[in-house]
Structures are given as C-alpha cells and as structure tokens.
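Protein chains in written order, with the numbering used here: chain A, -5 to 346; chain B, 1489 to 1839.
Cβ coordinates follow ideal geometry from the N, Cα and C atoms, glycine included.
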C-alpha cells in the first residue's frame, strides 16, 4: 500500500516538475530579490507582459531576500542554458555578490542585466555584456525634500498647527543599511530645510527631541505599513492637539509606510478626507497611494515608474537575445556617462 | 518514591526558609524589573502613563493577543507553530481583498460587490482553521514534530499568499481601500475615555481571551490539552484521545490566527506579502516570558496576557525613550533569556 502511494506521489511530482520546466530552457531568466516587495511585484507583472508582447520566453525566480539562494539559482539557470540573466541582486552592501554573478556569466558568455538594486560602476564596467537599469537612489530623496519644502512654503501657517513658527515632523525609515532608505531619510529633510531656510523660515524639527536618530525604522527591514502604524499611534499618544504639540508633518521612505501612518492618523480623526489633515509624503506612487492622494488623505509621493522600468528591461533583454548592442533603442538621456547604467527618472506626484 | 519526595520537599522548605527574600527577588525579578522600568520611563518621559498612551499599549497588545493565545496551546503540547505569522498574512490579504470598498479604483476584484463583513469573518476563521487542522492532523497522525509540520505549512501558505496577491488586477500591490463597514467594525469605537477612543478590536480581544480562559480551565478539552502536554503516554493510558486533542489544539490555534489576520487587515489598512511576517516569534516570546513552558503542560492565560503586554511596554517604552533600534534587539533578547531562565529555575526547584 505504502509503496503504491509513494509511487503515485513520485510520478505526480515528476509530472509537476516537467510542467514547471515548460521546455523553455533558453530565453531570459529573471531573478527577483523577493516576491514580497510590492513595487518589485508590480515590475514583475509589467515585465511579464512586455516579454509576452515581444515573444521572449522567460523564467522567474524568487530569491526570497537571500543572496545564497540567488547565486545558486543563477548557477542553475546557466547550466540550464539561459541566454540572458536579468538580476535584481539581493546584497547591495558590497560588490562580492554581483561580481560573483558576473564571473559565472563571463565564463558562459551570457549577458547580464542588473536592475533596481544598484551595483557599483566597477562591476558593470568589468564585463562588456553588462548593464544596470535602475533609478538614481539619491534622486527620490532630493525630489521628496524639494516637494516637501515647496509644499510647506505654500501652506506654512496651515501646517503649523500650534503656531509656534516651526514645523515638527516624524520620519519613517524602511530599513537600516539600505542606500535608498539612507538617502531618502537624509535628503528629504536636508533639501526641505534648504528651501525653508532660503525663504527665511526655521528648519524642520523632529517631533521627539530625545531621539538622536531623528527617524523611526522598521526593525524587520520590511518598509512595512504595520511598523509605521504602530510607531505613529504610539507617538500620537503624547504628541497631539490636547498637548498642543501635534506632529505637523509625516515623511515616509515609501508609500506602504505612509499608508500605515495615515491609518493611525485617521483613528484620531485626522486625514479622513476632510480638511483636518496632516501632510503625509511617501515614495513609489503605488496605486493605493495615488488613491489616497485623490481622496485628499495623503499629500504627495514620488513616482517610481514600474512600467518604464519593465519596458526598458524588456528592450535591453531583446537586444541581448538578438546579439545587438545592449543599449540599442534606449533613450540616451537616461544613460550615465562612462558606465552602462540606465536611470529611469522619478517624478513628483501630487495628484492630478 | 514517597521518601524521595519527602526529602526533596524538606530540602525545599529548608532552602526557602533560609533564603526567602533572595528567592522571592529572583523569582519575581522580571516584575520588579518591569516596575522599575516603568517608573524610570515615566520619570524621563512623563507622557508614558497618560491615558492615551495606556490605551495605545492596551490596543497594541489586544491586536497580538489572539495569536499568542493560539500559539500558547501549541507550546503547552511541547510544540510550536511557525506558520502563525503567514496564516495571519494570508487571512489579512484575503479579508482585505473581499472587503475593498465598491468603486475603489484599484480593487482586486472589480466586479465583486463588497461582501458582508460577517461572511468574510467566517471565511477568515475557516482559512485559519483549515491550515490549523492540517498542522494538527500531520502532527498527530504522522507523529511529526510541529516544528517541521508548521515549517512546511508556513512555506506553503506563503506561496499561496504570493500567488493570491498576483491575481485579479492587483499585480502584487498592497491591498487597501477597505470598506468603511469593515474599518468601523474593527477600528471604530463605541467607548472613549476622555478624548481617547478605544478601538473596538480591544473588546473582541477581551471576549476571545475570556473564551480561551474558559476553554483552558473549565472544559474537558482544556484539561486534556494540559494532560497531553505534560505526558502524552500517561494521558493516553488514562483514556484521553491524544490524536484528537492535538488536532483540536492546532485547529483552535489556526482559528485564532484567522481572528488576528481579520483584525490586522483593518487595523493596518494596507496588506501585503510582508503582513504577518515574524509575528509568531513575538507571540512565542510573549508566551515564554509569561511562563508558558516548552517543558509542556504548563501555562496560564494570565501569563500569556502578561507576556504580550510586557513586550508592548518594551516597544512603547523604548520608542518613548528614543532608544536606538539596534539596542532594542539586545534588550528584547536579554529579557526573553532572563525570563525563561527564571521560569526554568522555578520548575527545577519544584521537581
């Protein structure tokens, strides 16, 4: 009996494996740092559409936030006969992971397209068939800072709820040790301060002077709505209208955290769509954030264009598969000088 | 046997008499530490014990309590449950997707009218219950350690969650835009103290806790659970259906994760694949801090509540003090370690 069951199970498993393989061993192999990232999932959906439209066969991998997993997946894909590697590298802290992938790809003479999570110029230059498609990590922070500064200049008195002449802010950081999070945290405040000071206003003031970091970070490194929500509701217990020290500005590293903060604000009667609103700024322009801005519950976000990112990757992949120059048909203004890095521009989004 | 018992009892009495004060201080060092910490935080940051802050601590605790109560049952069986967080995640996402407001631009199922909150609540309980049932069934029938079973279901549930998030026109985005019938039920308020509203889910959590207290202490099932936890063979000999008890405990735990997921969906308002991640670890920590022992057969509802509240006090307290996140890990780790060491010590003395 047991043997029969085992037999049936193994046959099912084999059939399953064959089904997964789809017989497409060549084509593009795409490695995502994690499927759980909302922005990356959006890129994944759009990239799938673009590949289908261009009739490119592809295979997706979830590295699940683990560089070892990813490196092993890349190895396996190469042995399987991949024709192009599209890699959203997990470890961005050092060059080792990315250059390990380059070493493998060079041996097998397969083009590599890194995207989203940045690899260094040195890595990209070390292999002629390598490009990076991403954004300028600093740009989102600068743009958010500029957006906040401009918003405050136009709405200073309205924002300064207690009329002390200063704006108190809270800032939610997505994770420690991630460049995007570091730059956004730094420049959002610095650039806003520059604009304010130039206009003769005082600098922003972190709501809690006893916190030397001047930010609150998601300890799981997930940029999560839940973390922002819990920090926000905790902060609101001692910083509120009743104490005349209400937090007057909310800056978030991404839209997910902004959503969490808005949920906490609305439980104390703010940001429910009426006029009683604390300005909240995010980054990404997720569908949910766009909707919140439309409903007057959020102020602004920085659009990271998933569509354009996916299309650009698809074009480069097609170039790679057809043996053309990798950067054929790519807008030259997006390309960095001296290194094959394509920068998809961010844009401000304050609602239509 | 009897002789030994007497000798050890006598020893114990002797020891206690000799070192009563020291024993008392060590056994209660956790409580002493908490009280000292609360006083210190209160002095440095006077808003810590204000009414809004206390209600915040209560509501943060209430959100995690059902999950911890579920896991506590598994721990009493000398098991654990690693799938809890992911079950919360999948229930939160499914609940949210079925309860997005009609006309919300990025609705996952645009043609679906917003369902009745109560129907979705039943669905949430069912999803949690089914996964719990699978956990319990595999543990009991195949004699596998729950660590392995729930490790597997954790992965399976996460896989389904990722697939679920890609369907409809969602493309892996976070699910929000919840219908007001849902958010009002969970985060709305029927009672305020001063200016501060108490969110409704606090009441749900209290009802569930009372229910769980009744199940643990007053029902045959509860007694069987403790019997199986302390010694499954003895329980079996004395006529307890061990298999069925294990299955029930895990199913009940799954249902409680379902409740947590349902509440979480509305409480946070934005649900993604990261929802619920690592929740089980906090819940397990809360249980062991509160004296639910991995030795098996030991634990009280009161302990679970204390554990959950304590972790929340640490979170809120450290946030109030503006202590660096890196240091928060160290403090949390030390507290878990010390709490368990003290707990084990009590148990060894008893033995």
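Between the C-alpha atoms of residue 1819 of chain B and residue 115 of chain A there is a straight-line separation of about 40 Å. Around the beta carbon of residue 163 of chain A, 16 or more other beta carbons sit within 10 angstroms, so the residue counts as buried. It is roughly 8 Å from the alpha-carbon of residue 311 of chain A to the alpha-carbon of residue 320 of chain A. When DSSP states are grouped into helix, strand and coil, residue 1617 of chain B belongs to the helix group. Taken in chain order, the complete beta strand (DSSP E) segments of 3 residues or longer contained in the stretch 293 to 344 of chain A are 295 to 297, 335 to 337, 341 to 343. If you compare the alpha carbons of B:1616, B:1750, B:1654 with that of residue 1674 of chain B, the shortest gap goes to B:1750. Residue pairing from DSSP places residue 199 of chain A in a beta bridge opposite A:162.
Assigned with DSSP and collapsed to three states, residue 1661 of chain B falls in coil, not helix or strand. DSSP places residue 115 of chain A in the uninterrupted alpha helix (DSSP H) bounded by 115 to 119. Residue burial is scored here from C-beta neighbours: residue 1512 of chain B has fewer than 16 other C-beta atoms within 10 angstroms and is therefore classed as exposed.
What residue 38 of chain A touches in chain B, judged by beta-carbon distance under 7 Å, is 1660, going in chain order.
Bounds of the alpha helix (DSSP H) holding residue 177 of chain A are 173 to 192.
Following the DSSP letters along the chain, one finds residue 54 of chain A inside the beta strand (DSSP E) bounded by residues 52 to 56. In the three-state DSSP reduction, residue 236 of chain A falls in the coil class, being neither helix nor strand. For residue 35 of chain A, the enclosing alpha helix (DSSP H) covers residues 32 to 47. Close CB contacts of residue 208 of chain A within its chain, under the 8 Å cut and outside five residues either way in sequence, are with 165, 183, 200 (chain order).
Annotation for residue 212 of chain A: 166, 167, 168, 169, 218, 221, 222, 251 place their beta carbon closer than 8 Å to its own, counting only its chain and skipping 5 residues before and after. Identification of residues in the stretch 232 to 246 of chain A having a C-beta nearer than 9 Å to some C-beta of chain B yields 232, 233, 234, 235, 236, 237, given in sequence order. In the structure shown, residue 278 of chain A adopts extended strand secondary structure according to DSSP, grouped into three states. In its chain, beyond the 5 residues on either side, 1577, 1580 have a beta carbon closer than 6 Å to the beta carbon of residue 1763 of chain B. For residue 1804 of chain B, the uninterrupted alpha helix (DSSP H) segment begins and ends at 1789 to 1809. The alpha carbon of residue 1801 of chain B has as its nearest neighbour, out of B:1508, B:1537, B:1532, the alpha carbon of B:1537.
From the beta-carbon of residue 1593 of chain B, the residues of chain A found nearer than 9 Å are 281, 284, 285, 288.
In the DSSP assignment, no residue is bridged to residue 94 of chain A. Look at residue 108 of chain A here: in three-state DSSP terms it is strand.
Contacts with chain B (Cβ-Cβ distance below 8 Å) from the stretch 180 to 206 of chain A involve 202, 204, 205, 206, listed in chain order. Sorting A:210, A:214, A:129 by C-alpha distance to the C-alpha of residue 173 of chain A places A:129 at the top. Look at residue 136 of chain A here: in three-state DSSP terms it is helix. The Cβ atoms of residue 340 of chain A and residue 307 of chain A lie no closer than 8 Å to each other.
With respect to chain B, the C-beta atom of residue 26 of chain A has no partner C-beta closer than 8 Å. Around the CB of residue 1836 of chain B, fewer than 16 other CB atoms lie within 10 Å, so the residue is classed as exposed. B:1682 is the residue among B:1722, B:1781, B:1682, B:1617 whose C-alpha sits nearest the C-alpha of residue 236 of chain A. C-alpha of residue 1635 of chain B to C-alpha of residue 1566 of chain B: approximately 10 Å in a straight line. Of A:264, A:142, A:36, A:140, the smallest CA-CA separation from residue 302 of chain A is found for A:36.
Boundaries of the beta strand (DSSP E) harbouring residue 1684 of chain B: 1684 to 1686, taken from the DSSP string.
For the stretch 160 to 175 of chain A, the set of positions with a beta-carbon nearer than 8 Å to some beta-carbon of chain B reads 170 in chain order.
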